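All letters in the sequence shown, in the order written, are residues -23 to -1, 1 to 374 by mature numbering (1 follows the signal peptide of the UniProt record, and there is no 0).
In this text, a Cβ means the ideal position worked out from N, Cα and C, and glycines have one as well.
Here the structure is a predicted model, which is why all the values come from computation and not from measurement.
Comments concern the structure below.
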Amino acid sequence: MTPKVYGSMLLGLSTLTSFSTYANKEPTAPSRFAYVATYNPNGEGVYLMSVNTNDGRLYKDKIVSTAPNAAQLVLDQEGEHLYVASEVSNFSDTGHGSLIAYSINKQDGSLTKLNEIESQGAGPVYLSIHPDGKYLLVANYVSGSIATFPINRDGSLGKPASVKQSSGEPGAERPAAAVEGSFAISDHNGPHAHMIASDPSGKFVYSTDLGLDRIYQWKFNASNGVLSANNPPYIAASSAGAGPRHFVFHPTNKHLYLINEESSTLTSYLIDQDKGLLTQQQTLSSLPDNYKGTSFASGIILSQDGRYLYVANRLHNSISLFSIDESGDLTIIDNVWTHGDYTRTIVISPDGGSLYAMNQRSDNIAQFSVDKVTGKLTFTNQFTPVGSPSQMVFLTE
């Protein structure tokens, strides 16, 4: 995330585009619900979608939250509560954003607000839930702080259990590992926390700071939700000015895979399962070999079987496909157009059959079918018009 992204949203449509250009009807096939988070002004909040379980097609239902800049969201493990980060600039005169807890009506997907609290920082840009389901974790991009919050029995959020503020010298302004001709220069002016998530064991938490070019390593106290620094507390990014952004954990090979926004590189790290420490293994470009110029890496996601990894490239407007071998090594094998502009995130359907690109600047979601044998993507010719989409989560039964 960079300030340039917010400015660019004003270049889009002045109002939410009409949904009449596609079959805006409830699917007759079996369906499930999904929630789509958006940025203002093109997006008007959180949208409820019906998902055709036969072909993955999306059908717009209704707006279920009108919270301003409700661009980040996460579901609890039971699918009973939705948590939304509102990137407002001054919630309750704090100068910070807010976190909103909702209960979910699984019959129609509607939401009931439980409570809203301060995010303990400016620009809450990422939410995750600890594996034990008892704590919500948030990364605040603008202020560079992270925090944990207890989840009460009714799903509402309690007072913060732990708040950590990054500090230090900013990273290099120019990304050393970017491709020739890149002007991917932004936000190396101070701390900017971009993601926070627990490892699958729940014992360790990792957070990225794009501005300081660091990956923080934390120990997590499951009894009270407190974060404490590991030893060492952080490691440097894979290259100067790389801008660590988002990461995923492999289900079997003990690796963490991380994309660097400014350098458009993908780095693998081996996780010490006992100590929670990361060791860098491999770094390669997320862009095709022949590309020259500026691009910002954004979304990252694994296939359900852990054999393939997908990375979204903004400005190049593509999705790169990587294979993962048994040792955890990566090889790029394909690159496809996103059929839209400035893809913020990519997600895969619960059945693994569809991938969706949240095309922020072109105000749509593009759907791709996933070949489960080769991992390759094929555009389905299906668009869902949504103003400035940011994220999508699926409500499973």
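For the segment 59 to 135, there is no continuous alpha helix (DSSP H) assignment of 4+ residues that stays within its boundaries. Contact check for Lys83 and Gly56: beta-carbon distance about 7 Å, within the 8 Å limit, so the pair qualifies. Taking all protein chains shown into account, Ser200 has fewer than 16 neighbouring C-beta atoms within 10 Å of its C-beta and is therefore exposed. Look at Thr242 here: in three-state DSSP terms it is strand. For Gly305, the closest C-alpha among the options Ser122, Pro228, Ile296 and Ala11 is that of Pro228. Taking a C-beta distance under 8 Å as the contact criterion, Ala153 and Asp190 do not qualify as a contact pair. Considered as a whole, the segment 19 to 54 harbours 23 to 29, 35 to 42 and 47 to 52 as its complete beta strand (DSSP E) runs of no fewer than 3 residues, in chain order. Taking Gly158 as reference, the option from Met369, Ser241, Glu374 and Leu187 with the minimal CA-CA separation is Ser241. In the three-state reduction of the DSSP assignment, Tyr287 falls in the strand class, which pools E and B. Residue pairing by DSSP places Ile173 opposite Ser184 in a beta bridge.
Looking only at Leu235, Ser280 and Asn166, the smallest Cα-Cα distance to Val324 is reached by Ser280. Counted as a single uninterrupted DSSP element, the stretch harbouring Ser215 is not any beta strand (DSSP E), since DSSP gives it neither H nor E. In the pairwise beta carbon analysis, the segment 113 to 125 is classified as not touching the segment 38 to 45: fewer than three pairs are separated by under 8 Å. From the listed residues Tyr16, Met369, Ser63 and Gly86, the smallest Cα separation to Pro327 is found for Met369. Sequence-distant partners of His316 (beyond 5 residues in either direction) whose C-beta falls short of 6 Å from its own C-beta, in its chain, are Ala343 and Phe356. According to the DSSP secondary-structure assignment, Leu235 is paired through a beta bridge with Phe224 and Thr244. Nearest to Gly22 by C-alpha distance, out of Leu372, Thr373, Phe371 and Gly364, is Gly364. Asp282 and Ser331 have their C-alpha atoms some 14 Å from each other. Beta-bridge partners assigned by DSSP to Pro362: Asn341. Look at Ala11 here: in three-state DSSP terms it is strand.
DSSP places Asp311 in the uninterrupted beta strand (DSSP E) bounded by Leu307 to Trp314. The secondary-structure analysis by DSSP pairs Ala274 across a beta bridge with Asn290. Boundaries of the beta strand (DSSP E) harbouring Ser297: Ser295 to Ile301, taken from the DSSP string. Per the DSSP secondary-structure output, Lys141 pairs in a beta bridge with Ile123. For Arg284, same chain residues with a beta-carbon under 7 Å away, outside a window of 5 residues either side, are Ser300, Ile301 and Gly352 in chain order. With a cutoff of 8 Å on beta-carbon distance, Asp340 and Asn19 are scored as near each other.
Ranked by how close their Cα comes to the Cα of Leu247, the residues Gly135, Thr260, Ser346 and Asp109 have Thr260 in first place.
Of the residues assessed, Gln54 falls on the exposed side of the cut-off, its CB having fewer than 16 other CB atoms within 10 angstroms.
If you compare the alpha carbons of Asn267, Val13 and Leu233 with that of Gly253, the shortest gap goes to Leu233. According to DSSP, Ser346 shares a beta bridge with Ser331 and Thr355. DSSP places Lys252 in the coil class of the three-state scheme, outside both helix and strand. Scanning its chain for C-beta atoms nearer than 7 Å, with the 5 sequence neighbours on each side dropped, one finds around Tyr268 the residues Val156 and His293, in chain order.
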